[in-house]
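The structure appears below as structure tokens.
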Amino acid sequence: MRYLLLLALCAVLIILLVGCDEMTHQPRYQAAGPGRLFPDGKAMQAPPAGAVAQDDPARAAALDRRPAMSAALLARGRQRYDIYCSPCHDVAGTGHGAVPARGFPAPPSLHEPRLVQAPSRYFVEVITSGHGVMYSYADRVAPADRWAIAAYIRALQLHRDAPADALDATDRAKLDGGPP
1 MRYLLLLALC AVLIILLVGC DEMTHQPRYQ AAGPGRLFPD GKAMQAPPAG
51 AVAQDDPARA AALDRRPAMS AALLARGRQR YDIYCSPCHD VAGTGHGAVP
101 ARGFPAPPSL HEPRLVQAPS RYFVEVITSG HGVMYSYADR VAPADRWAIA
151 AYIRALQLHR DAPADALDAT DRAKLDGGPP
């Protein structure tokens, strides 16, 4: 009996809520009409200073211009890689980050031969459009930062495969665990 009473009460509440359509009759501004809320009296407002449209030609052109390699570019690339890429790819680029460790599909290692041989533009395009289960980062990573990440990925790939005899004696001693 108590169950039927509760069920009837829920049914009455649902019927009352359906009849209450105040949400559809709220006051709103027409786009080109007057707007008392704003100081200039217009409902349509200009975007704030510094706003950038997603399809801005200058933003798109930044994808076509590969910046010159520099220490600042690599530092920026490392910072952006650590933020956006390392959760899946890990800091060394092996694909064993924290996200795959929790059951998500593992990304490929950035040290696979096919990715080592891929042009840098490939990494920029993957960041822009996504690939496989990786979604697009176009709305999160600025075009110039995509190139910086691609440069840092190249540095990771070179670092891993660098021959020890390419180091000077001091660095080789550090690598062997001896005194510098």
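The sequence shown begins at 1 in UniProt numbering and counts up by one.
Each residue gets a CB set at the ideal place from its N, CA and C atoms; glycine is no exception.
Note that the structure is a prediction, hence the values are computed from the model and not measured.
Residue i, DSSP secondary structure in three states
| i | result |
| --- | --- |
| H131 | strand |
| P105 | coil |
| P34 | strand |
Among the options, the one whose alpha carbon lies nearest that of residue i
| i | options | result |
| --- | --- | --- |
| C85 | G103, A173, P108, L158 | P108 |
| R146 | L63, G33, D40 | L63 |
| Y81 | A106, A142, C10 | A142 |
| A32 | A46, K42, V124, G93 | K42 |
| L73 | A144, G132, L158, M1 | A144 |
Backbone CA spacing between residue i and residue j [nearest angstrom]
| i | j | result |
| --- | --- | --- |
| R140 | Y29 | 31 Å |
| I149 | E112 | 17 Å |
| L4 | V12 | 12 Å |
| R172 | C88 | 31 Å |
| A169 | Y122 | 36 Å |
| A68 | A155 | 14 Å |
| R65 | A75 | 19 Å |
| I153 | D40 | 49 Å |
| A100 | R160 | Ala is not the amino acid found at residue 100; the sequence shown has Pro there. P100 and R160: Cα-Cα distance of roughly 22 Å. |
| H25 | P47 | 28 Å |
| S129 | A166 | 37 Å |
| C10 | G50 | 51 Å |
| R2 | L17 | 23 Å |
| H131 | G103 | 19 Å |
| L6 | P27 | 36 Å |
| A71 | G77 | 10 Å |
| P163 | V91 | 20 Å |
| R114 | I14 | 59 Å |
| V124 | A8 | 59 Å |
Proximity test, residue i beta-carbon vs the ligand MN heavy atom, cut-off 6 Å
| i | result |
| --- | --- |
| D165 | Inclusion of the ligand MN in the displayed structure is not the case, the ligand content being empty and no account of it being possible. |
Neighbourhood of residue i by C-beta, 6 Å cutoff - its chain only, sequence neighbours within 5 removed
| i | result |
| --- | --- |
| A98 | P87 |
| Q79 | none |
| G35 | Y29, K42, A43 |
Proximal residues to residue i (C-beta, below 7 Å), its chain only, five neighbours per side dropped
| i | result |
| --- | --- |
| G95 | H89, A106, P107, P108, S109 |
| Q157 | L110, H111, V116 |
| Y137 | Y84, I127 |
| V52 | R59 |
| Q45 | F38 |
| G93 | S109, L110, H111, I153, L156 |
Spatial neighbours of residue i in its chain, beta-carbon cut-off 8 Å, leaving aside the 5 residues before and after
| i | result |
| --- | --- |
| M134 | C88, P107, V126 |
Count Cβ pairs between the segment 53-60 and the segment 116-127 that sit closer than 8 Å; are there 3 or more? no
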